[in-house]
Amino acid sequence: MTERFNDGSAGDADYGVIGTGYTVYRQPDPFIARLIRDALGDARKVLNVGAGAGSYEPVDREVTAVEPSAAMRAQRPAQLPAAIKGVAEQLPFADGTFDAGMATFSVHQWQDLAAGLAQMRRVTRGPVVILSCDPARLTRSWLNDYAPEMIAVEAGRYPAIATLGRGLGGHVEVLPVPIPLNCTDGFSEAYYGRPERLLDPGARRANSAWSFVDPAIAERFARDLSRDLADGSWDARYGHLRRQPYFDGSLRLIISRPAGRD
Ligand SMILES: C[S@@+](CC[C@H](N)C(=O)[O-])C[C@H]1O[C@@H](n2cnc3c(N)ncnc32)[C@H](O)[C@@H]1O
C-alpha cells in the first residue's frame with residue numbers, strides 16, 4: 001500500500017500537515033460515543049482502524065488500534081494503547097481475531113475501500129461498526145450555502161452508505177446519528193448551531209475537506225460568514241439552529257453483523 005505522505009499518511013489527506021492540532025478540535029463526543037458502544041455490544045477484543053488519536057475507542061475493552069499517520073499516532077492519550085502502524089487494506093491479523101471492529105470518520109480516505117472493508121470483515125467475528133457521512137445528505141447543512149465547493153468535495157469522497165453495506169456484507173443496519181448542539185467532535189456539521197467556531201482556521205484544518213479546496217474559497221467563506229454574522233443575516237436565516245438540540249445531518253452508523261447472528 002502506497003505511503004503517499006512523509007508521516008505515513010495512507011489516505012487522501014496529509015495528516016502530517018493537517019493533523020497536528022487534531023485533538024484540540026476533535027474530541028470524541030459522549031452522545032455519539034454511547035451509540036458506538038451500544039453497537040459494539042459486549043465485544044471484548046475490539047479493532048479500531050484509522051484510529052487516529054483514539055476517539056471513540058472504549059477504555060474498558062481490549063483495543064487494538066491501527067493508524068498509518070505518525071502525527072495522529074503521536075496524539076493518542078497515555079491511557080490508550082499505542083497504535084500499530086498499518087492500513088485497513090492490509091490488516092496483519094488472522095481471520096476472526098476480534099469480537100468487533102470499528103472505524104470512525106476514516107473509510108472515505110482509504111485508497112481501496114472494498115479491500116479495507118473486506119479485511120475488517122475477515123478479522124472480525126462479530127459486529128463491524130462504521131461511523132461515516134451519507135454523501136446524499138451533505139447539502140442539508142447551511143455550509144452548502146457558504147462553501148458549496150467544500151461540500152462537493154466531501155460528497156465526492158464519502159462512499160454511499162449502500163456501498164459500505166455491500167462491502168461489509170452480512171446483516172446490515174444503518175442508524176441515523178443525531179448531532180448534539182454542543183458536539184465536542186469538531187467535524188464540519190458539528191458547528192451547525194455555532195457558526196462562529198468555523199471562522200477559526202484551526203477548526204477548518206481539523207476537517208480534511210478544507211485541504212482539498214483552494215485557500216481562496218476558505219477566505220471567501222470566512223469573509224461572507226463574518227459579514228452575515230455581523231449584520232444578522234445568518235441569524236435571520238438559520239438562527240433557530242442555535243437552539244435546536246440535535247441536527248439530523250449526514251452522520252450515520254453502519255453496523256454489519258455476520259449473517260445468522262443478531
Ligand atoms: C478524520 S481522521 C479520524 C480519526 C479517528 N478515527 C477519529 O474518529 O477521530 C481519519 C483517519 O483515517 C486514517 N486513514 C486514512 N487512510 C487510511 C487507511 N487506508 N487505512 C487506515 N487508516 C487510514 C488517517 O490517517 C486518519 O487518522
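Numbered according to our numbering, the sequence shown terminates at residue 262, and the numbering increases by one at each position without gaps. Built from N, CA and C at the ideal position, the CB exists for glycine as well.
- Of the other Cβ atoms in all chains shown, 16 or more fall within 10 Å of the Cβ of Arg-257; this residue is therefore buried.
- A direct Cα-to-Cα measurement between Glu-173 and Ile-254 gives close to 6 Å.
- Of the heavy atoms belonging to ligand 1, at least one sits nearer than 6 Å to the Cβ of Thr-104.
- Per DSSP, Ile-84 lies in no alpha helix (DSSP H) and is assigned neither H nor E.
- DSSP places Glu-57 outside any beta strand (DSSP E), giving it a letter other than H or E.
- If the five residues before and after Asp-29 are omitted, its C-beta is found closer than 6 Å to the C-beta atoms of Cys-183, Thr-184, Asp-185, all from its own chain and listed in chain order.
- Under the 8 Å Cβ criterion, the stretch 69-88 does not count as touching the stretch 186-204, having fewer than three qualifying pairs.
- Residue range 148-157 is occupied by the alpha helix (DSSP H) that includes Val-153.
- Only residues of its own chain outside the window of five on either side were considered, and among them Met-150, Val-153, Glu-154 have a CB closer than 6 Å to the CB of Ala-209, listed in chain order.
- By the CB criterion at 7 Å, Ala-100 and Ala-51 fall outside the cutoff.
- Per the C-alpha coordinates, the member of Ser-188, Gln-75, Ala-13 positioned closest to Pro-148 is Ser-188.
- Thr-104 sits close to Tyr-56, with the two beta carbons spaced by under 7 Å.
- The distance from the Cβ of Pro-245 to that of Leu-181 is about 5 Å, consistent with a contact at the 8 Å cut-off.
- In the same chain as Pro-81, and ignoring 5 residues on each side of it, the C-beta atoms closer than 8 Å to its own belong to Val-63, Thr-64, Ala-65, in chain order.
- No Cβ-Cβ contact shorter than 7 Å links Ala-13 with Ser-250.
- The residue from Gly-11, Pro-58, Gln-90, Glu-89 with its alpha-carbon nearest to that of Gln-79 is Pro-58.
- With contacts defined by Cβ atoms closer than 7 Å, Asp-112 and Arg-252 do not form a contacting pair.
- The C-beta distance from Val-123 to Gly-96 rounds to 7 Å, short enough to meet the 8 Å contact threshold.
- Annotation note: the stretch 91-147 contains the following uninterrupted beta strand (DSSP E) runs of length 3 or greater, listed N- to C-terminal: 100-104, 128-133.
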